[in-house]
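In the numbering used here, the protein residues as written are 7 to 431. Each residue gets a CB set at the ideal place from its N, CA and C atoms; glycine is no exception. Note that the coordinates shown come from a computational prediction; the quantities given were computed from them, not determined experimentally. Down below is the structure, laid out as structure tokens.
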RNA sequence: GUGGGUAUAGCUCAGUUGGUUAGAGCGCCAGGUUGUGGCCCUGGAGGCCGUGGGUUCAAAUCCCAUUACUCACCCCA
């Protein structure tokens, strides 16, 4: 138990961290190209923030939050998603006073107390994007385009983009009445959770997976057909901009997000390369959220993209043929004097911006070469008594198998020449 | 919270109808003469067979319980 990570958590080991660097690097680049800047918010927040923003009828708030009391008797919760903290920061620092929109992104761990399964952990990582203060549909499309473009640049295939509109507060009232009327006769046939949803959040019934509910829902009036004039235009505009961006999508009137704050545009990006948890990215517009959290009336759009799921797709599609960092040079030493000299030398080589390493476990010369070969190091430099005497070093190119002679004081220049661009300073 | 599956070496797995010191491949370590990797060869280390109980002369193997992992439901990234 001591040496076992808590349920639903995973170590990212040295042998795999380069994969994370790879996708994080892509994320930073693409966010920058879309004009989004990084924001970092705390991993925990006051519990009320999530109750308010995510919504108290949601599963997240009702049963999935890691909540505890701190020593000052405050209720604290580990962030179950990324948007709430960003909204809080936006309000707290009056970012709405800046020229709008405010476009931000983040990479953050999130925490939900659920039973783990494929593509689902209790601690997982999310790339999220939020844009505040822009009402135009071009911003909805930009957000979706950003996500699609990232996935595309990573070489992912076979994704489906589903979009829908769930309208605004104005169109939702009358629509709920319509649903209730429609369901009236079928109320008893609904599954247990749906009969609860019926009162609190009837929209969610559309999303129910139970066969009986699916049947009932087939002819149910769709939100999409009952949007108010403004929302209808917004949805049409969003599609127009998506077309202009070259984003392929399908309209799926049944998608409803599980977080309460969404309005108008909602979307998900789905992959067949995942298990049952097939959504890699989900998001939408949340025009009421900033106000709900105590800020000025401010529109917003955003999405969350699951990094573990992203990695799963990349692995499944074998699109992760990247290699980790390999060392530039390894010093194979014979004897204590040589070891000391190598230790000195290694420092000056590192100062020049190369990655250099040497033996620390007392291996034989043969074993040192074996070890260097396994590491994939580019060059191995041998230092023994001969080299100490003459000042001539033997430097072997491990890929070519060729060995040359380099004067000890010229080693840095030699590497710079051989490795070209890696010479930093 | 509910259901299914699985637990043997660091990893992937064998282990016959219960029968003595539990195996393989890979990985790891050391060698294969004098200071040189990848292939090959030799040797070595490393397992209370998830944990606890039961049946039996005898349990990795059969039974029960428990825990962990895993997949799925609910929901979500």
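Cross-strand partners of residue i (DSSP beta bridge)
{"i": "residue 170", "result": "272"}
{"i": "residue 53", "result": "Paired residue(s): none; residue 53 is not in a bridge."}
{"i": "residue 290", "result": "272, 308"}
{"i": "residue 364", "result": "337"}
{"i": "residue 385", "result": "335, 403"}
{"i": "residue 165", "result": "277"}
{"i": "residue 116", "result": "130"}
{"i": "residue 413", "result": "398"}
{"i": "residue 84", "result": "50"}
{"i": "residue 110", "result": "43, 136"}
Start-to-end residues for the alpha helix (DSSP H) that takes in residue i
{"i": "residue 229", "result": "Taken as a continuous stretch (DSSP letters only), residue 229 belongs to no alpha helix (DSSP H), as it is neither H nor E."}
Where residue i falls: helix, strand or coil (DSSP)
{"i": "residue 350", "result": "helix"}
{"i": "residue 105", "result": "coil"}
{"i": "residue 30", "result": "helix"}
{"i": "residue 255", "result": "coil"}
{"i": "residue 35", "result": "helix"}
{"i": "residue 238", "result": "helix"}
{"i": "residue 127", "result": "coil"}
{"i": "residue 418", "result": "helix"}
{"i": "residue 262", "result": "coil"}
{"i": "residue 141", "result": "coil"}
{"i": "residue 218", "result": "helix"}
{"i": "residue 40", "result": "coil"}
{"i": "residue 159", "result": "helix"}
Range of the contiguous beta strand (DSSP E) that encloses residue i
{"i": "residue 396", "result": "No beta strand (DSSP E) contains residue 396, which is instead part of the alpha helix (DSSP H) from 391-396."}
{"i": "residue 375", "result": "Unbroken run through residue 375 is the alpha helix (DSSP H), 371-381; no beta strand (DSSP E)."}
{"i": "residue 75", "result": "73-75"}
Nearest residue (CA-CA) to residue i, options the options
{"i": "residue 284", "options": "291, 354, 276", "result": "276"}
{"i": "residue 223", "options": "49, 246, 193, 249", "result": "193"}
{"i": "residue 176", "options": "41, 237, 33", "result": "237"}
{"i": "residue 296", "options": "38, 108, 226", "result": "108"}
{"i": "residue 280", "options": "300, 273, 244, 319", "result": "319"}
{"i": "residue 101", "options": "301, 250, 254", "result": "301"}
{"i": "residue 156", "options": "209, 33, 197", "result": "33"}
{"i": "residue 334", "options": "305, 129, 178, 418", "result": "418"}
{"i": "residue 366", "options": "384, 383, 336, 46", "result": "336"}
{"i": "residue 348", "options": "324, 377, 400", "result": "400"}
{"i": "residue 261", "options": "282, 17, 171", "result": "171"}
{"i": "residue 162", "options": "8, 326, 364", "result": "326"}
>> Pairs of beta-carbons, one from the segment 158-171 and one from the segment 118-132, closer than 8 Å: are there three or more?
In response: The way I'd put it, the segment 158-171 doesn't touch the segment 118-132; fewer than three beta-carbon pairs between them come closer than 8 Å.
> Is the segment 12-24 in contact with the segment 328-337, if contact means three or more CB pairs nearer than 8 Å?
Replying inline: Counting C-beta pairs with one atom in each stretch, the segment 12-24 and the segment 328-337 have three or more that are closer than 8 Å, which means they touch.
> Three or more C-beta pairs closer than 8 Å, one from the segment 44-63 and one from the segment 257-270: is that the case here?
Replying inline: Two segments are said to touch when three or more pairs of C-beta atoms, one from each, lie closer than 8 Å; by this definition the segment 44-63 touches the segment 257-270.
> Is the segment 299-316 touching the segment 128-135, taking contact as three or more C-beta pairs under 8 Å?
Replying inline: Flag = yes, the segment 299-316 and the segment 128-135 touch.
>> Assess contact between the segment 285-304 and the segment 77-97, defined as three or more Cβ pairs (one per stretch) separated by less than 8 Å. Is contact present?
In response: Short answer: they touch.
> With contact counted as at least three CB pairs below 8 Å, one residue from each stretch, are the segment 51-60 and the segment 145-156 in contact?
Replying inline: Under the 8 Å Cβ criterion, the segment 51-60 does not count as touching the segment 145-156, having fewer than three qualifying pairs.
> So, do the segment 341-360 and the segment 372-391 have three or more beta carbon pairs nearer to each other than 8 Å?
Replying inline: Touching, yes.
> Are three or more beta carbon pairs between the segment 355-363 and the segment 411-429 nearer than 8 Å?
Replying inline: A contact between stretches requires three or more CB pairs, one per stretch, nearer than 8 Å, and the segment 355-363 meets this requirement with the segment 411-429.
> Does the segment 178-191 come close enough to the segment 204-214 to have 3 or more Cβ pairs within less than 8 Å?
Replying inline: When Cβ pairs closer than 8 Å are counted between the two stretches, the segment 178-191 is seen to touch the segment 204-214, the count reaching three or more.
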